[in-house]
Amino acid sequence: MTYQPDAPRYRAETDKPVHHLAVANARGEAMGYLWANDEDDAAGWCLRPAGDRAGFDEGLEWSAKLGTAKARGLAPTAALAELARGSDPRSVSHVVPDSLAAAPSLAALRELAHVVTEADDRRLLAQLDRENADAWRELRSALAALTDEDRVVRWSEGGKQPDGTWRMSYPLHGERLQRLVRALPAVGAVTPAYLWRDNPPPAVPADGRLSPADAVRAATAVVRGERFSDGTIAQAAGDGLLDAVAESLCAWYEAVADGSRDDP
């Protein structure tokens, strides 16, 4: 089943309380929520941004099922009940049994969808390539070689050129900074398993320390984000985020390598 934009649809917003069902993948990890409010004839899919990319595709499928229910004249909560009854736990995604609950508002449900779980952290840590010792040595070496000068990124001269054309300014990453950035995807810290565009931008904690899973989140957001917004890497280098990312990842690998930590 594919999502059709012109199919009958329930309203996509409501400011009233909503009933909701949790939808999980085959591993039992929550991917998102189906929600409904009869008074506003509203229903929809609420993605868990902390989850993985499969939530996007599955969300389209569940949205299409809601559209089918709307075309048949079902009230929103009746549509949820029908989807729960017909859900198959062997499918790519399924309604979690007995998960029907209520939230005071759609905004409250969206806040719930942003809660990060231990399963989310484990999924990101599983992306790290613990077997590639050379890549981890390179990450540690690149971090050690980075200087304060490297952390202050200069920009090219932009503006109107002598020939009358306009040139955009862009960051000039030094070789040592580039080396550190290249080392992050090499160890598996830049991954599609993190939905960086659907989550708040990473920030350096007050104590300057990141958990290993948050380091993966930040590495992904910084490296991928540079493709869409020049200066993302420069900011992370200047405010200490890149240092915190690399330090956290290296500490994680050293603990795993000597057997003192048993992460997935």
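Numbering of the sequence shown is given in the numbering used here, commencing with residue 832 and proceeding in unit increments. Ideal Cβ positions, reconstructed from N, Cα and C, are used throughout, including at glycine.
Item	Value
8 Å contact criterion, which GLU969 and ALA1014 should meet: CB distance rounded	5 Å
Cutoff 8 Å; reference THR1022; Cβ partners in own chain excluding five residues on either side	LEU955, GLN958, VAL1047, THR1051
Simplified DSSP assignment, three categories, for LEU1072	helix
Classification of SER972 by the beta-carbon crowding that lies within 10 angstroms, buried from 16 upward	exposed
Cβ shell of ALA1020 (< 8 Å), same chain only, five flanking positions each side left out	GLN958, LEU959, ALA1046, VAL1047, ALA1050, THR1051, VAL1076, LEU1080
Residues near GLY1039 by beta carbon distance below 7 Å, same chain, minus five either side	GLY1071, ALA1075
Contact between the stretch 987 to 998 and the stretch 931 to 950 (3+ Cβ pairs under 8 Å)	no
Check whether LEU1011 and LEU1041 have beta carbons under 8 Å apart	no
Nearest to PRO1031 (by Cα), restricted to the options ALA932, HIS945, SER936	HIS945
Inside the stretch 996 to 1053 only - alpha helix (DSSP H) runs reaching at least 4 residues	1006 to 1017
Residues sharing a beta bridge with THR849, DSSP	In the sequence as presented, Thr is not what sits at residue 849; that position holds Val. DSSP lists ALA934 as partners of VAL849.
CA nearest to the CA of HIS918, picked from VAL1018, ALA853, TRP967	The residue asked about is misnamed: residue 918 is Ser in this sequence, not His. Considering only alpha carbons, the answer is ALA853.
Own chain residues within Cβ distance below 6 Å of GLY1056, not counting five before or after	THR1063
Assumed close pair VAL849, LEU937 - CB separation to whole angstroms, cut-off 8 Å	5 Å
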